[in-house]
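One structure is given here, and the rest of the page talks about it.
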Amino acid sequence: MGNKKEALEAMVQQQSYDVVAIMETWWDDSHGWSTALNSYKLFRRDRQGRRGGGVALYIKQTFDTIGIETKEDGVECLWVRIKGKANKADILLGVCYPPPSQEEEVDNLFYKQLDEEKAEVLNDYFGSVFSEETTCLPDNCPPGLVDGVREQNGPLIIKEVAVRELLKCLYIYKYMGPDGIHPRVMRELAGELAKPLSIIYHQSWLTGEVPGDWKLASVTPIHKKGAKEDPGNYRPVSLTSVPGKIMEQFILSAITQNLQDGQGIRPSQHGFRRGRSCLTNLITFYDQVTRLVDAGRAVDVIYLDFSRAFDTVSHSRLLDKLAAHGLDKSTC
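The numbering of the sequence shown is the UniProt record's numbering, which starts it at 1 and goes up by one.
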């Protein structure tokens, strides 16, 4: 940047910029205190091994900032994350210098680095909205969660024939999970896979342990609304292991049957129930409202929507509620 330092200071003081990005700083280890600007925090990345190049970011000290470490990879890039205030999402800032003679391979490295930084920002945001309450410890759990045996019906037995039927019904055009097992392969080999999978499922049910591959997921961010630059406007869609999804169907069936038998689900519940939908909910609601109006009575309607309801559910409280309805540790 050389003799342009004074001009930069004058411009910044006059305009009061929040962020100033600079390329081709030409700084090296000999440039220390001379690069500072009052009321600004400096992030810099100098070219190593030869003169020229270099990038820098000046950000007002009023912002909570974190520098992001990146690999060299031959790309002159600098990334900084500005922490969002209140309910605002973090902001990712980057400054990069593409030399005129830069090869296509180096360009590809830059775009790869950019994708990685985007993934980190989205991952941090998705993780931040989950409930921080931990699951209950064995000493604090209700008895139904600890004994691992159903007092009324006993543990579920997952039969080979039931696994085979689910394998035959797999939708072959669904995406596979991180384990690389395609649903079409499992459907074609339903007869051979049914027995070993039924053993794995049954042991997992009894022990409460889940294979590590079933806990992994390929997460894809889906844009919902608003500015695409805001991570809060995306929802994560997880692609998990196909064998794990089949196990989930057995668990769902056991939970649903238990809650229906024990009147844990009210007749007014339409969401996430077989044979029920938004349409049946609207028909029931419309029928009740018209009856009241026909009777000459007033009708007040209050609509509520929980923001990120599934992400913020406390796992320990959910387990407590399921245990209160007679579901044991293996099912939960």
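Glycine included, C-beta positions come from ideal geometry on N, C-alpha and C.
None of the values given here were measured: they were computed from a predicted structure.
Report back the beta-carbon spacing between residue i and residue j to the nearest angstrom; my notes put them in contact at under 8 angstroms.
{"i": "G54", "j": "E24", "result": "7 angstroms"}
{"i": "R164", "j": "I172", "result": "So it is not a contact: roughly 16 angstroms between Cβ atoms."}
{"i": "P236", "j": "F126", "result": "5 angstroms"}
{"i": "I222", "j": "L166", "result": "Rounded, the Cβ-Cβ distance is 27 angstroms, inconsistent with contact."}
From the DSSP secondary-structure annotation, give me the bridge partner or partners of residue i.
{"i": "L92", "result": "R81"}
{"i": "T240", "result": "A217"}
{"i": "M247", "result": "DSSP, once it has assigned bridges, lists no residue as partnering M247."}
{"i": "F306", "result": "None; F306 has no bridge partner."}
{"i": "E76", "result": "Y97"}
{"i": "V20", "result": "Y58"}
{"i": "K41", "result": "I59"}
{"i": "G67", "result": "V80"}
{"i": "V234", "result": "One detail in the question is off: residue 234 reads as Tyr in this sequence, not Val. Paired residues: H223."}
Return the chain-ordered list of same chain residues with a C-beta closer than 7 angstroms to the C-beta of residue i, the five sequence neighbours on each side being excluded.
{"i": "E9", "result": "L37"}
{"i": "L292", "result": "V299"}
{"i": "L259", "result": "I265, H325"}
{"i": "Y97", "result": "M23, E24, G53, V55, E76"}
{"i": "Y40", "result": "Y58, I59, K60, Q61"}
{"i": "K224", "result": "N233, Y234, R235"}
What number of angstroms, rounded off, separates the C-alpha of residue i from the C-alpha of residue j?
{"i": "E69", "j": "K60", "result": "20 angstroms"}
{"i": "D230", "j": "D90", "result": "8 angstroms"}
{"i": "G67", "j": "I157", "result": "53 angstroms"}
{"i": "L122", "j": "L197", "result": "34 angstroms"}
{"i": "A21", "j": "Y58", "result": "6 angstroms"}
{"i": "D179", "j": "S16", "result": "52 angstroms"}
{"i": "Q152", "j": "Y234", "result": "Residue placement at Q152 is poorly supported in this model, since its pLDDT is 45, which falls under 50; the coordinates still yield a value, given next. Their Cα atoms are separated by approximately 43 angstroms."}
{"i": "E209", "j": "A309", "result": "26 angstroms"}
{"i": "R266", "j": "F130", "result": "27 angstroms"}
{"i": "L170", "j": "R187", "result": "6 angstroms"}
{"i": "K168", "j": "I82", "result": "50 angstroms"}
{"i": "D124", "j": "G296", "result": "53 angstroms"}
{"i": "L206", "j": "D294", "result": "55 angstroms"}
{"i": "G326", "j": "L252", "result": "15 angstroms"}
{"i": "E117", "j": "F306", "result": "30 angstroms"}
{"i": "V301", "j": "L318", "result": "28 angstroms"}
{"i": "residue 346", "j": "Q257", "result": "Because residue 346 is not part of the residues shown, which for the chain are 1 to 332, the question remains open."}
{"i": "L42", "j": "R273", "result": "55 angstroms"}
{"i": "L282", "j": "A323", "result": "32 angstroms"}
{"i": "S314", "j": "Q48", "result": "49 angstroms"}
{"i": "R150", "j": "G84", "result": "Only weak support is given to the placement of R150: the predicted model assigns it a pLDDT of 39, under 50, and the question is left unresolved by the model."}
{"i": "Y286", "j": "D261", "result": "28 angstroms"}
{"i": "T135", "j": "D311", "result": "Annotation note: pLDDT 46 at T135 (below 50); position unreliable, no value reported."}
{"i": "G191", "j": "Q203", "result": "20 angstroms"}
{"i": "S30", "j": "F63", "result": "28 angstroms"}
{"i": "E120", "j": "T280", "result": "41 angstroms"}
{"i": "Y304", "j": "H182", "result": "With the sequence shown as reference, residue 304 is identified as Leu, and Tyr is not the correct amino acid for it. Cα-Cα distance, rounded: 40 angstroms."}
{"i": "L239", "j": "Q288", "result": "40 angstroms"}
{"i": "K88", "j": "R50", "result": "41 angstroms"}
{"i": "D320", "j": "K112", "result": "44 angstroms"}
{"i": "M11", "j": "T35", "result": "15 angstroms"}
{"i": "C278", "j": "L189", "result": "37 angstroms"}
{"i": "D115", "j": "S128", "result": "20 angstroms"}
{"i": "T290", "j": "K228", "result": "42 angstroms"}
Leaving out five residues before and five after residue i in sequence, what residues of the same chain have Cβ atoms less than 6 angstroms from its Cβ?
{"i": "W214", "result": "S241, G244"}
{"i": "R44", "result": "A56"}
{"i": "E160", "result": "A194, K195, S198"}
{"i": "V95", "result": "A21, V55, L57, L78"}
{"i": "G226", "result": "N233"}
{"i": "V19", "result": "I59"}
{"i": "Q13", "result": "none"}
{"i": "D46", "result": "W27, D28, G54"}
{"i": "V80", "result": "F43, L57, T65, G67, L93"}
{"i": "P143", "result": "For P143, the predicted model reports a pLDDT of 41, less than 50, meaning its position is unreliable; a value from the coordinates is still stated below. Excluding residues within five positions, none has a Cβ falling inside 6 angstroms."}
{"i": "E248", "result": "none"}
Leaving out the 5 sequence neighbours to the left and right, which residues in its chain are closer than 8 angstroms to residue i when beta-carbon positions are compared?
{"i": "T284", "result": "S268, H270"}
{"i": "F250", "result": "L156, I158, A162, Y201, W205"}
Looking at the C-beta of residue i, does it have a partner C-beta in chain D at a distance below 7 angstroms?
{"i": "H202", "result": "The displayed structure is made up of one protein chain only, and chain D is not part of it."}
Worksheet item: Would you call the stretch 217–226 and the stretch 175–195 touching, i.e. three or more CB-CB distances under 8 angstroms?
Response: yes
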